[in-house]
Structure formats: C-alpha cells, structure tokens
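A.B. asks:
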Amino acid sequence: MNSLIQDMFIFFPPDAVAKEVCSVIRVLLVALAIVTVALTACIDLKSLRRSDPIQPIRDYERLMVGDLNADYIGNDNCLAKCHVHDQIARDFAHSIHSEQIAADTGLPLVNCESCHGPGSLAVKNAEKTGKCDTGHLLPIEKFPAQAQSMICLKCHSAASTPSLTFWNASPHASSDVSCFDCHRLHRGPAQKASREEVAELCYGCHQDIRSRFSQTSHHPVPEQKVACIDCHDPHGSLQEHLLKGSTVRETCSRCHMDKQGPFVYEHADVTETCTNCHRPHGSPNDPLLNQAQPFLCLQCHPGHLGQDFHSNGGALSSTSMKQLFYNRCTDCHSAIHGTDIPSPHGRGTFITR
Numbered sequence: 001m002n003s004l005i006q007d008m009f010i011f012f013p014p015d016a017v018a019k020e021v022c023s024v025i026r027v028l029l030v031a032l033a034i035v036t037v038a039l040t041a042c043i044d045l046k047s048l049r050r051s052d053p054i055q056p057i058r059d060y061e062r063l064m065v066g067d068l069n070a071d072y073i074g075n076d077n078c079l080a081k082c083h084v085h086d087q088i089a090r091d092f093a094h095s096i097h098s099e100q101i102a103a104d105t106g107l108p109l110v111n112c113e114s115c116h117g118p119g120s121l122a123v124k125n126a127e128k129t130g131k132c133d134t135g136h137l138l139p140i141e142k143f144p145a146q147a148q149s150m151i152c153l154k155c156h157s158a159a160s161t162p163s164l165t166f167w168n169a170s171p172h173a174s175s176d177v178s179c180f181d182c183h184r185l186h187r188g189p190a191q192k193a194s195r196e197e198v199a200e201l202c203y204g205c206h207q208d209i210r211s212r213f214s215q216t217s218h219h220p221v222p223e224q225k226v227a228c229i230d231c232h233d234p235h236g237s238l239q240e241h242l243l244k245g246s247t248v249r250e251t252c253s254r255c256h257m258d259k260q261g262p263f264v265y266e267h268a269d270v271t272e273t274c275t276n277c278h279r280p281h282g283s284p285n286d287p288l289l290n291q292a293q294p295f296l297c298l299q300c301h302p303g304h305l306g307q308d309f310h311s312n313g314g315a316l317s318s319t320s321m322k323q324l325f326y327n328r329c330t331d332c333h334s335a336i337h338g339t340d341i342p343s344p345h346g347r348g349t350f351i352t353r
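Each residue of the sequence shown is one higher than the one before, counting from 1 in UniProt numbering.
#1: Look up Glu327 in the DSSP assignment and say whether it is helix, strand or coil.
#2: Between Ala122, Gly66, Leu298, which has its C-alpha nearest Ile73's C-alpha?
#3: So with Cβ pairs under 9 Å, would you call Glu61 a contact of chain B?
#4: Ser163 to Ser237, Cα distance in whole Å?
#5: With respect to the alpha helix (DSSP H) encompassing Cys231, which residues constitute its N-terminal and C-terminal limits?
#6: Just to confirm the assignment, what range does the alpha helix (DSSP H) spanning Met150 have?
#7: Counting along the chain, where does the alpha helix (DSSP H) carrying Asp91 start and finish?
#8: Using the Cβ count rule (16 or more neighbours within 10 Å means buried), how would you classify Ile151?
#9: Can you tell me whether DSSP reads Thr339 as helix, strand or coil?
#10: Within 10 angstroms of its Cβ, does Gly86 collect 16 or more other Cβ (buried), or is it exposed?
#11: Under a Cβ-count criterion, where at least 16 other Cβ atoms within 10 Å of its own Cβ denotes burial, should Phe202 be classed as buried or exposed?
#12: Would you say His172 touches the ligand ATP, meaning its beta carbon is less than 8 Å from a heavy atom?
#13: So, at 6 Å on beta carbons, what are the nonlocal neighbours of Val221 in its own chain, with the 5 sequence-adjacent residues on each side left out?
#14: Alpha helix (DSSP H) containing Phe295: first to last residue?
#15: Can you tell me whether DSSP reads Tyr72 as helix, strand or coil?
#16: Taking the alpha-carbon positions, what's the His278 to Leu68 distance?
#17: Check whether the Cβ atoms of Pro280 and His219 sit closer than 9 Å, and answer yes or no.
#18: At what residues does the alpha helix (DSSP H) containing Ile209 begin and finish?
#19: Rounded to a whole number of angstroms, what is the C-alpha to C-alpha distance between Cys332 and Pro284?
#20: Please identify the residue among Lys192, Pro171, Leu289 whose C-alpha is closest to the C-alpha of Phe180.
#21: Out of Val264, His235, Glu197, His97, which has the shortest C-alpha to C-alpha gap to Ser114?
Rendered as structure tokens:
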C-alpha cells in the first residue's frame, strides 16, 4: 500500500493540497482493506457458488411447478422431510453430483432442486402427510428428450464439459435420446457407466451391433478388452458414426499402429478407409474381412482371375479351381497393409513378404 501512495506522488506536486488528497486516499484504502477482511471472515466463500439456477430459469421452473411464488429450499429440507434415510440420500452423498464437486471444475454445486426445480410446494405438507407431493416438482419423466437433456446442459455446457461440444448436432440428440437414457442420476458413483457396462448400455438401442459381435471374428468387446467408447464418442463427433478419429483410418490406428504407416509401398486407393476390406464389429471371415479370400481381393483385382486361374479356352480348369479355393492372396502378399521392403520379384508394389 505504501508503494501505491508513493507512486501517487509522481502525479501530484508535493504541496499541502496534494498531501491532503493523498492522506484521504490512504484512509479510504485502509478502510477498504478492513472491510474486505471482515467480509471474508464472515462469509463462507463456498456459499457464493449458488446451486439454484439463474433468474430466467428460476421463473420458468416456478411456472412449470404451478406457482411463481415457489421457492428453492435447499437439500437439507428435501432430505429432512422426505428422504431421511433412504437409498436416494445415501447414493447422492457419494455421487459426483453432490457437494464434493471441486471448485476448480467450473461447475456450480448441485442439489435436488438443480434437476427437480423449486421444492417449497412439494414439502409444504410433508410433516402432515409424511411424504413429498411430487406433483409439485418438475415432471421430468414427461419432458421430451431434448428438454430432459437441457436440465443437464444448464451446468454441462460445452465450456465446462468439452465432450458435449457437438451434442446438439449429434445423431443421438436428433434421435430423441436424452442424457437420462444412459446416465442414472440416483445411482451414486454408478451414475457414469463403467467400461464394462458400456456395451450393454449401447445394445439397448443397437441390437444389430450385438449380433455382429457374436460372429466368429470380432473385436473383443464381449470379452471386455475393447469398449464401444474406444472408437465412438456417444456425445457427438464431426465424423460419421460418431467416430473419435478424424478418419476411419485414424480411428483404427489408435490401436493398430503397426498398420498405420506411412510405408514405401502401400495398398493403393485404400489408404484412408479400412472398412473397404474389414467389418469393424464382426464378420464370419477372419480377420474381420467383408468377404473370404480370394473373393475380397478379386472385387478390386479382377484381372488376376483371367491371368492366373483360367485355362487357354476361357473355362476354369480343375487345377485353377483348386488354386482359387485353397490358396489365399495373402499367402504371397502378406504385407497387405504396406511395407518398406521391396518385393523379392523386383517389384515393390507386390506388397509381399
């Protein structure tokens, strides 16, 4: 503070008037410091992080529960009058939505009324009836999916929860999927599905994907070695199928780094789309191939059929038939994803061993 006063003398000449002004400023600064210390001592700084919504939302929620005079009464009243020793209270006390939320997250404190709206009407007659009148809480279960999600998005904005940046434009949001369809808010620590539970959660809607994982060749999702969220972002993505990578190849390369390249000799025209050859969820053909060999390769390389397997008369001979069904292209072209080693035949583009 003394240094501040000294700096002020630079701007004022050291005459009697200037000294008087500086004395007044010094007194005011000291008084301000005293008031600040007093307020800090008296106010619980944690209480400044409000759990009830901002004014426009408060008025809207009051209208929804049927009375503009409805008030927010806090968790203590909800727990004391309705949820004294029940499982909801115990779970909430150990949940990520309880007051254990750290201040550095940027999220406000969360209580019952953050989701259910003002509770004064619900507990008004609780002492007489022994229970809450839930008809005076927000009818969340009757809300459309987007309105249900908005309850969560009041706190979980893109700024505080970056994974939700693309939620509003995601296939899930446009398909009437709400946050409550996947997250169980009254389940304590289990509000957020674990990796082991994610697949069953997704199968609730994606039954066709479940059947693909039952095929002989599949990613080890049923074995819980891989989870749906390793490849897909359920909250939204700029890519098709909610992929986490910027391309299909980048998504696959997160695990299959040995196939990523770049290589000196690469499979032409398939450098960005692994799904040209593979079914990522499951296939009857190992390893996750769209078709069995050599038929998969012949879709793009039909010239090999005429060169290698036809007799001079144009009909398949018994020998070429055996070659077709008992040999695989990868018996020779084993480095099908790419290699830095030239072909022993002198043409590196063969992508052989």
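Backbone N, C-alpha and C define an ideal beta-carbon position, used for all residues, glycine too.
C.D. replies: The short version:
#1: Position 327 of the sequence shown holds residue 327. Reading off the sequence shown, one finds Asn at residue 327, where the question assumed Glu. Secondary structure at Asn327: coil, using DSSP grouped into helix, strand and coil.
#2: Looking up residue 73 in the sequence shown gives position 73. Ranking Ala122, Gly66, Leu298 by Cα distance to Ile73 puts Ala122 first.
#3: This model lacks chain B altogether; it includes just one protein chain.
#4: Along the sequence shown, read from residue 1 onward, the residue named residue 163 stands at position 163. Along the sequence shown, read from residue 1 onward, the residue named residue 237 stands at position 237. Taking the straight line from one Cα to the other gives about 9 Å.
#5: Along the sequence shown, one-based indexing puts residue 231 at 231. Segment: none, Cys231 is in no alpha helix (DSSP H) and carries neither H nor E.
#6: Here residue 150 corresponds to residue number 150 of the sequence shown, with the count starting at 1. In the DSSP annotation of this structure, the continuous segment of the alpha helix (DSSP H) that includes Met150 starts and ends at 145-153.
#7: If you number the sequence shown from 1, residue 91 lands on position 91. Its alpha helix (DSSP H) spans residues 87-93.
#8: For the purposes of this step, residue 151 is taken as residue 151 along the sequence shown, with counting starting at 1. With 16 or more Cβ atoms within 10 Å of its Cβ, Ile151 is classed as buried.
#9: Here residue 339 is taken as the residue at index 339 of the sequence shown, counted from 1. Note: Thr339 maps to strand in three-state DSSP.
#10: By 1-based counting over the sequence shown, the position of residue 86 is 86. Contrary to the premise, residue 86 reads as Asp rather than Gly in this sequence. Exposed, since its Cβ has fewer than 16 Cβ neighbours within 10 Å.
#11: Taking the first residue of the sequence shown as 1, we reach residue 202 at position 202. Per the sequence shown, the amino acid found at residue 202 is Cys instead of Phe. Buried.
#12: For the ligand ATP, the structure offers nothing, since it holds no ligand at all.
#13: Working through the sequence shown from its first residue, we reach residue 221 at position 221. Short of 6 Å from the beta carbon of Val221, and not among the five residues preceding or following it, lie these beta carbons of its own chain, in chain order: Ala199, Phe213.
#14: Walking along the sequence shown from the start, residue 295 turns up at place 295. Run containing Phe295: 295-298, per the alpha helix (DSSP H) assignment.
#15: Here the question's residue 72 lines up with position 72 in the sequence shown. Tyr72: coil per DSSP, three-state reduction.
#16: Against the sequence shown, residue 278 aligns to sequence position 278. Against the sequence shown, residue 68 aligns to sequence position 68. If you take the alpha carbons of His278 and Leu68, they lie about 59 Å apart.
#17: For the purposes of this step, residue 280 is identified with residue 280 of the sequence shown, where counting begins at 1. For the purposes of this step, residue 219 is identified with residue 219 of the sequence shown, where counting begins at 1. Going by beta carbons, Pro280 and His219 fall inside the 9 Å limit.
#18: For this step, residue 209 is matched to residue 209 along the sequence shown. Unbroken alpha helix (DSSP H) run through Ile209: 207-212.
#19: Mapped onto the sequence shown, residue 332 falls at position 332. Mapped onto the sequence shown, residue 284 falls at position 284. Separation of Cys332 and Pro284 (C-alpha to C-alpha, rounded to the nearest whole angstrom) is 23 Å.
#20: Translated into positions along the sequence shown, residue 180 becomes position 180. The shortest Cα separation from Phe180 among Lys192, Pro171, Leu289 belongs to Lys192.
#21: Counting from 1 along the sequence shown, the entry for residue 114 is found at position 114. For Ser114, the nearest C-alpha among the options comes from His97.
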